[in-house]
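Just below is one structure, and these are the notes that go with it.
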Amino acid sequence: MGISVAEADDAQGAAVMGMLVMVAGVVLGVRAASKPLPTWAARTALAVGVVVAAFAALLTRWVVVTAPLFGQSRGVPSVVGSAPAPQYAAAVERARELVRAAVLEQNLPGVSVAVGIGLPSVASAKEGTVVWAEGFGWRDVVTRTPVTPDTRFNIGTAASAFIASVAPLGLTDTGADAAKEWSPEAIGEEGEDFPPFTLIRHAILQPIGLAPPEYPLPGDRATFYVPRSDDNPGRGRRLMYMRDLACCANGMAFYSTPSDLVRFALATNPDNINGELAGGMVMSLVTRRDGGIVIAVTSNMAHANTASLAQRVGDAFAEQTR
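Here our numbering is used: the first residue of the sequence shown is 268, the next is one more, and so on.
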């Protein structure tokens, strides 16, 4: 119970609480050893204590998982690419507010956004102009590694729309990786370690340096999550199964960055595209033909409402460019 509370670092003072619980356990254990109880009483106390501690530990973890990842919109960290041009500064500020509000409202770990202006007649991604690219939140919840404009997200069912364009358009941050590279613990698959082995690795071997950490994923890959129940990210999250990560590109995990998605749209002028993983949306690419604006939004949480957010970001830029 003490270890579980101590790991709940989202709660203020959790480490101190965990230490106090563990100290109390040691004190009670020493007192019990110095004045042994009758066998029946000792066994009863042990059984009841284990059940209570296990229930409390599970309850603590559940509360931590379902707790808001960010307390307020201003607390959502962000990493911006190159500074936007002055004529887009007001639109960028408005769009930032919208993205942070969406992260807070949906309790999303991470979101990345890119906006492009102008639809060229020449089918070359180099002709397009990405005027804003920024990452929000964390690409990995446990390590709190931030999302950047270069963070790669799995785009799920949208992969088929981009596979043929990767080489001709020179989309260097878009392609396919083996699914095991995105799920090193083989979550939910046959290769996953037996739970006690996983606990030993996480609680003992990794902290003392005898086992390398699995997260954050190398190569600036985003760690993917799904809601613990139903389709509501606000009810908590768990790591996505490897079979969900590899559902859409011949057993491979097809990834991209919002900037590459925007370059693709600027070059090809496609219809709006949404990508799903594990039955929930994770990316949206919206083309506003009326103003020549392209918006790409990606998230590392299934059932994120990326389509609505992309539309609202597009509205912010449309108002600025009129």
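For glycine and all other residues, C-beta sits at the position ideal for the given N, C-alpha and C.
{"Check": "For Ser349, the three-state DSSP class (helix, strand or coil)", "Outcome": "coil"}
{"Check": "Alpha-carbon to alpha-carbon, Ala453 and Trp399", "Outcome": "35 Å"}
{"Check": "Closer than 7 Å: Pro462 CB and nearest the ligand MN heavy atom", "Outcome": "By its list of ligands, the structure shown contains no ligand whatsoever, and the ligand MN lies outside what it can speak to."}
{"Check": "For Tyr482 and Gln473, the rounded distance between their alpha carbons", "Outcome": "11 Å"}
{"Check": "Under 8 Å between C-beta atoms of Gly558 and Ala585", "Outcome": "yes"}
{"Check": "Meets three-Cβ-pair contact criterion under 8 Å: the stretch 416–423 and the stretch 539–551", "Outcome": "yes"}
{"Check": "Own chain, CB closer than 7 Å to Gly581, minus 5 neighbours either side, in chain order", "Outcome": "Val553, Arg555, Ile560 and Ile562"}
{"Check": "Arg406 and Thr396 closer than 8 Å at C-beta", "Outcome": "no"}
{"Check": "Beta-bridge partners of Arg605, as assigned by DSSP", "Outcome": "Given a span of 268 to 589 for the chain in the structure shown, any question on residue 605 remains unanswerable."}
{"Check": "Residues that DSSP places opposite Tyr522 in a beta bridge", "Outcome": "Asn421 and Gly442"}
{"Check": "Cα-Cα separation between Pro303 and Val293, rounded to whole angstroms", "Outcome": "15 Å"}
{"Check": "Assigned exposure category for Leu336 - 16 Cβ within 10 Å defines buried", "Outcome": "buried"}
{"Check": "8 Å Cβ cutoff met for Val359 and Pro353", "Outcome": "no"}
{"Check": "According to DSSP, residues forming a beta bridge with Ala381", "Outcome": "Ala400 and Ala563"}
{"Check": "Extent of the continuous alpha helix (DSSP H) run through Arg212", "Outcome": "Nothing can be reported for residue 212, as the shown portion of the chain is limited to 268 through 589."}
{"Check": "Same chain, Cβ closer than 6 Å to Val347, neighbours up to 5 away in sequence not counted", "Outcome": "Glu401"}
{"Check": "Cβ contact check for the stretch 365–379 and the stretch 491–504: 3 or more pairs under 8 Å", "Outcome": "yes"}
{"Check": "Among Gln339, Ser345 and Leu528, nearest to Arg411 - alpha-carbon criterion", "Outcome": "Ser345"}
{"Check": "Coil, strand or helix - Ala571 by DSSP", "Outcome": "coil"}
{"Check": "Unbroken beta strand (DSSP E) run spanning Val493, endpoints", "Outcome": "Tyr492 to Pro494"}
{"Check": "Contact check, Leu544 vs Phe461, beta carbons under 8 Å", "Outcome": "no"}
{"Check": "Paired residues, beta bridge with Ala516 - DSSP", "Outcome": "Met519"}
{"Check": "Cα-Cα separation between Leu287 and Ala323, rounded to whole angstroms", "Outcome": "15 Å"}
{"Check": "Residue environment, Thr439, which counts as buried when at least 16 other CB atoms sit within 10 Å", "Outcome": "exposed"}
{"Check": "Beta-carbon spacing of Ala443, Met509 below 8 Å", "Outcome": "no"}
{"Check": "Residue of Val382, Phe429, Phe403 and Ser349 minimising C-alpha distance to Arg367", "Outcome": "Phe403"}
{"Check": "Residues near Leu371 by beta carbon distance below 8 Å, same chain, minus five either side", "Outcome": "Pro335, Phe337, Gln339, Ser340 and Val343"}
{"Check": "Rounded separation between Ile430 and Tyr355 - CA only", "Outcome": "31 Å"}
{"Check": "Nearest-angstrom Cα separation, counted from Pro416 out to Arg530", "Outcome": "14 Å"}
{"Check": "Ile540 - containing beta strand (DSSP E), residue span", "Outcome": "Ile540 to Leu544"}
{"Check": "Nearest-angstrom beta carbon gap, Ala428 and Pro537 [assumed within contact, 8 Å]", "Outcome": "7 Å"}
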